[in-house]
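Q: Counting from 835, one number per residue, gives the positions in the sequence shown under this note's numbering.
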Amino acid sequence: MTFINTIRQWAFPASHMHRIPDFPEAITRSYKNWKNRLGGFADVMPKTEDLKEIFEQIFKAYKLSGSLGQVIPRYKRKAPWVIFSEPEEDPGILGKDATYARQYLEWIKTQRTAATAKALLHSFLFYYPKQFPTFEMWRDGIFSVINKSKNAQLALVYEKCKRFYLLADNGPKEFSKLLANSDEVPANVLSAAGLTGQLEVQGFMIDAYVSLLKHLYEKLMTGKQQTKILNNVIKLSVEQKYGRYELRYKSLIKHMADAMLLPFAEARAFPQHKNTIENLFLKCLGDPRIVKTGWIQVSEKSKQVMMSWLVKQTLELFFKILDESADNIWEYRKAFWGAYYKRGYINNAWAILGKDATYIAQRIGDKNLAYGQLSGAYTRNQSVLLLKIGPFVVAEWSHNGKCRIWRDTDDRYNKIPRFYEATIPYDANALRTWADFDQVHHASSHGTWQSKIETYIRRQTNIRIHQSEYMP
């Protein structure tokens, strides 16, 4: 190769080449920092003892003269933190006073700095005192202060208020629509609106969240897929702390559960919706069959929807385990009991797993789905599926075990198996004895055992399952 060709083909080694940014990075960082500082809201409240002093000084001077003229200026600047909340015995006594509201809003217009106006907006959004007779006066007055100000910081605040409906009529409802339809994750929307820190879970945002849940409920009630709004609601509702999933709005668990579960009380949920919602509640509230505390606030009707979903998940887990553990008639068991489930006859289902099945469940199952433990089985691979069908409790034993049925009408001797025992292992012998009916699983391909069990249940309950339904 000639010297000229070498020169033509030579280039800087890739490792030494640096990307030239579109904009100077230091200036970009500085711009974002100052934009946040100028456009955000005040979010540092004075200490509790300071709040009491601020309120007492303002209230005393105002009541003596009937005017803000006698209030020391520094207390006027701190007033936003007590207007809607102090004193404890009559919260918001100043904020409810129309004369005080009018005078304070006029005074704040005379201030050149943005700090007091931003603090007032922050406090208003934090408490969002809809119950005050002066609510609209404060809302419209704060908007007027921000709108007419020539301060650069308040100009940015004004943009946020307009864009995100923070001081608009039906502001929370309008903001909830933005959250529902946004392609941005909710955290980014809240950050852009200035609803971070304390404002994320108080006042205005609480109302917006309730409105969002109502919107979700209405969408799900249409029976159509609503993936975007459902995902946005879940992303807003859940936060991860120390590796655990927690609900952000714990006081609104009932509203959230009703919005997500009640639409499916009478309708069949889309599989992707069902799985998403089911996983959410299992992670955040636990399995309602054994974890009662997390579900205390949830309505009974919503809880029943979740319980019905867990019946299906328990059946699926049990039959997956039988498939994995080489139960040679698992397909016939699945088809038979699946027919009862499809017709809506299985009210409860509970898997009681032996040693081998427990290992399989830990590998293939949902770690948030609960199940019982079996002790004293004849073999390691045996497990039991406990079902509630009408007045019967059914124990379907795997791996050469019989099907046993108890009538759940008279349990004076405490011999009928109990559902949802997750802390104490089930004694295998107790799941074999005192049954009113038992049946060996033989001639599965001919439907022999299936016919005998179906006949026994039908004769006492009028629940009829045709052979074409229960044979695979």
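Ideal placement from N, C-alpha and C gives every residue a C-beta, glycine not left out.
Note that the coordinates shown come from a computational prediction; the quantities given were computed from them, not determined experimentally.
In or out: residue 974 buried (at least 16 other Cβ within 10 Å) or exposed?
A: Taking the first residue of the sequence shown as 1, we reach residue 974 at position 140. So residue 974 counts as exposed.
Q: Tell me which residue opens and which closes the alpha helix (DSSP H) that residue 1283 is part of.
A: Here residue 1283 corresponds to residue number 449 of the sequence shown, with the count starting at 1. Note, residue 1283: alpha helix (DSSP H), 1282-1295.
Q: May I ask you to verify whether the segment 1004-1011 touches the segment 1038-1055, counting CB pairs closer than 8 Å and requiring at least 3?
A: They touch, by the three-pair rule.
Q: Report all residues from its chain with a CB closer than 7 Å to the CB of residue 1250; omit the five preceding and five following residues, and keep chain order.
A: If you number the sequence shown from 1, residue 1250 lands on position 416. If we look at residue 1250 and ignore the five residues flanking it on each side, its Cβ neighbours are 1227, 1240 and 1242.
Q: Identify the continuous beta strand (DSSP E) that holds residue 1272 and give its terminal residues.
A: As a working note, residue 1272 is residue 438 in the sequence shown. Its beta strand (DSSP E) spans residues 1271-1273.
Q: If we call anything under 8 Å between Cβ atoms a contact, is residue 1191 one with residue 1206?
A: The residue labelled residue 1191 in the question sits at position 357 within the sequence shown. The residue labelled residue 1206 in the question sits at position 372 within the sequence shown. Not a contact, by the Cβ cut-off of 8 Å.
Q: Across the segment 1261-1278 and the segment 1143-1155, are there enough close Cβ pairs to call them in contact, namely three or more that are closer than 8 Å?
A: With a cut-off of 8 Å, the segment 1143-1155 and the segment 1261-1278 do not count as touching, because too few Cβ pairs lie within range.
Q: For a minimum of 3 consecutive residues, which ranges assigned as the beta strand (DSSP E) are wholly contained in the segment 1167-1244?
A: The qualifying runs are 1180-1187, 1206-1209, 1218-1223, 1226-1231 and 1237-1241.
Q: If we call anything under 8 Å between Cβ atoms a contact, is residue 1104 one with residue 1138?
A: Numbered from its first residue, the sequence shown carries residue 1104 at position 270. Numbered from its first residue, the sequence shown carries residue 1138 at position 304. For residue 1104 and residue 1138, no; Cβs fall outside 8 Å.
Q: Taking all protein chains shown into account, do 16 or more other C-beta atoms lie within 10 angstroms of the C-beta of residue 1173, making it buried, or fewer, making it exposed?
A: Numbered from its first residue, the sequence shown carries residue 1173 at position 339. Buried is the call here.
Q: What does the Cβ neighbour count give for residue 1196, buried or exposed, with the cut at 16 atoms within 10 Å?
A: On the sequence shown, position 362 is the one that residue 1196 refers to. Exposed, by the Cβ-count rule.
Q: Where residue 873 and residue 1193 are concerned, what is the direct C-alpha to C-alpha distance, given to the nearest angstrom?
A: Working through the sequence shown from its first residue, we reach residue 873 at position 39. Working through the sequence shown from its first residue, we reach residue 1193 at position 359. With a pLDDT of only 42 at residue 873, under 50, the local geometry of the prediction cannot be trusted, and the value read off the model is given with reservation. Roughly 55 Å separates the two Cα atoms.
Q: Looking only at its own chain, which residues have a Cβ that is under 7 Å from the Cβ of residue 1256, when we skip the five neighbours before and after it?
A: Counted from its first residue, the sequence shown places residue 1256 at position 422. Here the set comprises 1124, 1204 and 1206.
Q: Does the beta-carbon distance from residue 1136 to residue 1070 come in below 8 Å?
A: Position 302 of the sequence shown, counting from 1, holds the residue named residue 1136. Position 236 of the sequence shown, counting from 1, holds the residue named residue 1070. No, these two residues do not count as a Cβ contact at 8 Å.
Q: Cβ atoms of residue 910 and residue 902: under 8 Å apart, would you say?
A: For the purposes of this step, residue 902 is taken as the residue at position 68 of the sequence shown. For the purposes of this step, residue 910 is taken as the residue at position 76 of the sequence shown. Their beta carbons are under 8 Å apart, which means residue 902 touches residue 910 by this criterion.
Q: Give the single residue among 1182, 1180, 1151 and 1066 whose Cα lies nearest to the Cα of residue 1201.
A: Against the sequence shown, residue 1201 aligns to sequence position 367. The shortest C-alpha separation from residue 1201 is found at 1151.
Q: Relative to the alpha-carbon of residue 1015, which residue among 1053, 980, 1033 and 1293 has its alpha-carbon at the smallest distance?
A: Along the sequence shown, read from residue 1 onward, the residue named residue 1015 stands at position 181. The residue with the shortest Cα to Cα distance from residue 1015 is 1053.
Q: Evaluate residue 848 with the Cβ neighbour count: other Cβ atoms within 10 Å of its Cβ, from every protein chain shown; 16 or more gives buried, anything less gives exposed.
A: For the purposes of this step, residue 848 is taken as residue 14 along the sequence shown, with counting starting at 1. Because the pLDDT of residue 848 is 49, which lies under 50, any placement of that residue in the model is unreliable, and the question is left without a value.
Q: Since residue 1074 is in the beta strand (DSSP E), which residue starts that stretch and which ends it?
A: The count along the sequence shown starts at 1 and reaches residue 1074 at position 240. Note, residue 1074: beta strand (DSSP E), 1072-1075.
Q: In whole angstroms, what is the alpha-carbon distance linking residue 1221 and residue 1167?
A: Residue mapping note: residue 1221 aligns to position 387 of the sequence shown, counting from 1. Residue mapping note: residue 1167 aligns to position 333 of the sequence shown, counting from 1. Between residue 1221 and residue 1167, the C-alpha separation is close to 13 Å.
Q: Identify every run of the alpha helix (DSSP H) within the segment 925-973, keeping only runs that are complete inside it and at least 4 residues long; order them along the chain.
A: Qualifying alpha helix (DSSP H) stretches, in chain order: 932-942 and 949-961.
Q: Decide yes or no for the touch test of the segment 939-957 against the segment 914-931: beta carbon pairs closer than 8 Å, at least 3 of them.
A: Enough Cβ pairs lie closer than 8 Å, so yes.
Q: Take residue 950 and list the residues in its own chain whose beta-carbon comes closer than 7 Å to its own, dropping the five residues that flank it on each side.
A: Taking the first residue of the sequence shown as position 1, residue 950 is located at position 116. For residue 950, where only same-chain residues beyond five positions count, the Cβ hits under 7 Å are 911, 914 and 942.
Q: For residue 1260, which three-state DSSP category applies?
A: For the purposes of this step, residue 1260 is identified with residue 426 of the sequence shown, where counting begins at 1. Looking at residue 1260 - three-state DSSP - the assignment turns out to be strand.
Q: Taking the alpha-carbon positions, what's the residue 988 to residue 1088 distance?
A: Taking the first residue of the sequence shown as 1, we reach residue 988 at position 154. Taking the first residue of the sequence shown as 1, we reach residue 1088 at position 254. Taking the straight line from one Cα to the other gives about 38 Å.
Q: Out of curiosity, what's the CA-to-CA distance linking residue 1112 and residue 1121?
A: Here residue 1112 refers to the residue found at position 278 of the sequence shown. Here residue 1121 refers to the residue found at position 287 of the sequence shown. Spanning the two alpha carbons is a distance of roughly 10 Å.
Q: For residue 1252, which three-state DSSP category applies?
A: Locating residue 1252 in the sequence shown gives position 418, counting from the first residue. Three-state DSSP puts residue 1252 in coil, outside helix and strand.
Q: Helix, strand or coil: which one does DSSP assign to residue 1078?
A: Along the sequence shown, read from residue 1 onward, the residue named residue 1078 stands at position 244. Reduced to three states, the DSSP call for residue 1078 is strand.
Q: I'd like the list of long-range same chain contacts for residue 985, defined as Cβ closer than 6 Å, with 5 residues on each side in sequence excluded.
A: Position 151 of the sequence shown holds residue 985. These residues qualify, in order along the chain: 948.
Q: Label residue 1284 either buried or exposed according to how many other C-beta atoms from any shown protein chain fall within 10 Å of its C-beta, with 16 as the threshold for buried.
A: For this step, residue 1284 is matched to residue 450 along the sequence shown. Flag for residue 1284 reads buried.
Q: Distance check for residue 886 and residue 923, CA to CA, integer angstroms please.
A: Residue mapping note: residue 923 aligns to position 89 of the sequence shown, counting from 1. Residue mapping note: residue 886 aligns to position 52 of the sequence shown, counting from 1. Cα to Cα, the separation comes out at about 12 Å.
Q: Are there any heavy atoms of the ligand NAD lying less than 7 Å away from the beta-carbon of residue 1117, as far as the coordinates show?
A: Here there are no bound small molecules, and the ligand NAD is not part of this structure.
Q: Write down the C-beta distance between residue 893 and residue 928 rounded to the nearest angstrom, noting that I regard them as a contact closer than 8 Å.
A: Within the sequence shown, the letter at position 59 stands for residue 893. Within the sequence shown, the letter at position 94 stands for residue 928. Indeed they touch by this definition, with Cβ atoms about 7 Å apart.
Q: Between 920, 1153 and 1160, which lies nearest to residue 963 when the distance is taken from Cα to Cα?
A: Your numbering for residue 963 matches position 129 in the sequence shown. Closest option to residue 963, Cα to Cα, is 920.
Q: Hey, out of 918, 1100, 1299 and 875, whose CA is closest to residue 888's CA?
A: Position 54 of the sequence shown, counting from 1, holds the residue named residue 888. Selected option, being the one with the closest Cα: 918.
Q: Ends of the alpha helix (DSSP H) at residue 1056?
A: Stepping through the sequence shown from its first residue, residue 1056 is reached at position 222. From DSSP, residue 1056 is part of no alpha helix (DSSP H); its letter is neither H nor E.
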